[in-house]
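J.: For the sequence shown, position 72 (counting from the first letter as 1) is numbered 113 according to the working numbering, and the numbering increases by one without interruption.
Just so it is clear, CB atoms sit at the ideal spot from N, CA and C, and this is done for glycine as well.
Since the structure is predicted, the reported quantities are computational estimates derived from the model, not experimental observations.
Questions regarding the structure given below will be posed in turn.
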Amino acid sequence: TAAGLAGLLAAAPQLVPALAEATFLRAWAGLRPATPDRWPVIGPCPTVEGLIVAAGHFRNGVLLSPLTGEVVAQIVLEGKVPEWLVPFSPARFAGASPGR
42 TAAGLAGLLA
52 AAPQLVPALA
62 EATFLRAWAG
72 LRPATPDRWP
82 VIGPCPTVEG
92 LIVAAGHFRN
102 GVLLSPLTGE
112 VVAQIVLEGK
122 VPEWLVPFSP
132 ARFAGASPGR
């Protein structure tokens, strides 16, 4: 938020005094994609053969990326979705049957 950025800019010189003389040029925001139910989407796409989706982790993407990578690799190599992963299927938003 703008208020959060202002707070960081005000506090930064306390940690690094040279920043008091710095000029703020621009801000950038990394969007955090989330699903309507706030759970990630991981698994085969019900409408595109061969496409495996791994998205919508919101702010936990970095934390969940190792597990997500392992699970996607397992789906690719074994050709099936682990039973515990079925609730995260993209099919829950597409009206299709989850898993394969």
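Can you name the residues that DSSP bridges to residue 95?
T.: Answer by DSSP bridge pairing, in chain order: 83.
J.: Spell out the partners DSSP gives residue 114 in its beta bridges.
T.: Bridge partners of residue 114: none, in fact.
J.: Between the Cα of residue 81 and those of 114, 69, 89 and 104, spot the shortest distance and give me the residue it belongs to.
T.: Ranking 114, 69, 89 and 104 by Cα distance to residue 81 puts 104 first.
J.: Between 74, 42 and 83, which has its C-alpha nearest residue 100's C-alpha?
T.: The shortest Cα separation from residue 100 among 74, 42 and 83 belongs to 74.
J.: Go ahead and label residue 129 buried or exposed: buried means 16 or more other beta carbons lie within 10 angstroms of its beta carbon, across all protein chains shown.
T.: Buried is the call here.
J.: Per DSSP, what kind of secondary structure is residue 61 in: helix, strand or coil?
T.: Residue 61 falls in the helix class under three-state DSSP.
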